[in-house]
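To start, the structure under review is shown below, and the notes come after it.
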Amino acid sequence: YEKGNNYDDLSTLYDQVLNQFNRYMGHVRSNIGGVYQYNKTYEQEGAVFTHVDHKRQTESMQFLHQQLFETPYWMLDKNILSKIKATGSIEKIRGLQVRTLNDLLSFDRLARVIENEALNGAQAYNLSTLMQQLTTGLWKEVKQGRTPDTYRRNLQRAHVERLGYLL
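Right, dumping it as structure tokens:
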């Protein structure tokens, strides 16, 4: 707070928090269909590339559902938004969620998941598990007979659109 200043600094800080949150979500989503690379020389044993284990991928998907796909209302503080934006909060949240959703369902990531299953069999986090966890989490209100909020409906619409794109 500085006497006589407007809310431009608050707007900048708010956007920076959202950007940092998006970076964190990117770090988590990189585990799903992810591959670790260990720089090794000929003398060192072990694989250079290994797929992220099933447990870490499952936990990463759960984290995304809890922290991002469940509407992150903490980002929607009316006291802040009423000072920095007339509109656009719905689109900000939609953008964060859809960016992650589309990346989870990218051709490259899905190919890595399929390859992991081909190489590691039953120990792998497979495509069926990814799709089941994603779909169950995104559509749980519908299954429970509850009405999803605007943010969740936007995410569900994006899910349907992405699946159509993949087809």
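For the sequence shown, my numbering begins at 25 and goes up steadily by one.
We put the beta carbon where it would ideally sit given N, CA and C, even for glycine.
Quick caveat, the model's predicted, so the values are computed rather than measured.
With DSSP as the reference, label residue i as helix, strand or coil.
{"i": "Y31", "result": "coil"}
{"i": "Y62", "result": "coil"}
{"i": "T124", "result": "helix"}
{"i": "Y48", "result": "helix"}
{"i": "G169", "result": "coil"}
{"i": "Y149", "result": "coil"}
{"i": "A142", "result": "helix"}
{"i": "Q40", "result": "helix"}
{"i": "Q91", "result": "helix"}
{"i": "T111", "result": "coil"}
{"i": "W163", "result": "coil"}
{"i": "S106", "result": "helix"}
{"i": "D132", "result": "helix"}
Report all residues from its chain with a CB closer than 7 Å to the CB of residue i; omit the five preceding and five following residues, and keep chain order.
{"i": "D136", "result": "Per the sequence shown, the amino acid found at residue 136 is Arg instead of Asp. Around R136: G57, V59."}
{"i": "R186", "result": "L125, N126, L129"}
{"i": "I104", "result": "L34, Y38"}
{"i": "M99", "result": "L42, I117"}
For residue i, does the count of other Cβ atoms within 10 angstroms reach 16, so buried, or fall short, so exposed?
{"i": "A148", "result": "buried"}
{"i": "Y191", "result": "Just to set this straight, residue 191 is Leu in the shown sequence, not Tyr. With fewer than 16 other Cβ atoms within 10 Å, it is exposed."}
{"i": "Q40", "result": "exposed"}
{"i": "F93", "result": "buried"}
{"i": "N29", "result": "exposed"}
{"i": "H183", "result": "buried"}
{"i": "Q90", "result": "exposed"}
In the DSSP assignment, what are the bridge partners of residue i?
{"i": "F73", "result": "Q61"}
I'd like the list of long-range same chain contacts for residue i, defined as Cβ closer than 6 Å, with 5 residues on each side in sequence excluded.
{"i": "Y175", "result": "T95, I117"}
What residues in its chain sit with their C-beta under 8 Å from that of residue i, if we drop five residues either side in the sequence?
{"i": "N63", "result": "V72"}
{"i": "T74", "result": "V59, Y60, Y62"}
{"i": "L179", "result": "F93, R118, Q121, V122, L125, L162"}
{"i": "D101", "result": "none"}
{"i": "Y31", "result": "K107, I108"}
Can you confirm whether residue i, when its beta carbon is compared against all beta carbons of chain D, has any partner nearer than 9 Å?
{"i": "I104", "result": "No chain D appears in this structure, which consists of one protein chain only."}
Would you call the segment 129-149 and the segment 78-87 touching, i.e. three or more CB-CB distances under 8 Å?
yes
Contact between the segment 161-172 and the segment 110-118 (3+ Cβ pairs under 8 Å)
no
When the Cβ atoms of the segment 82-102 are set against those of the segment 46-57, are three or more pairs found closer than 8 Å?
yes
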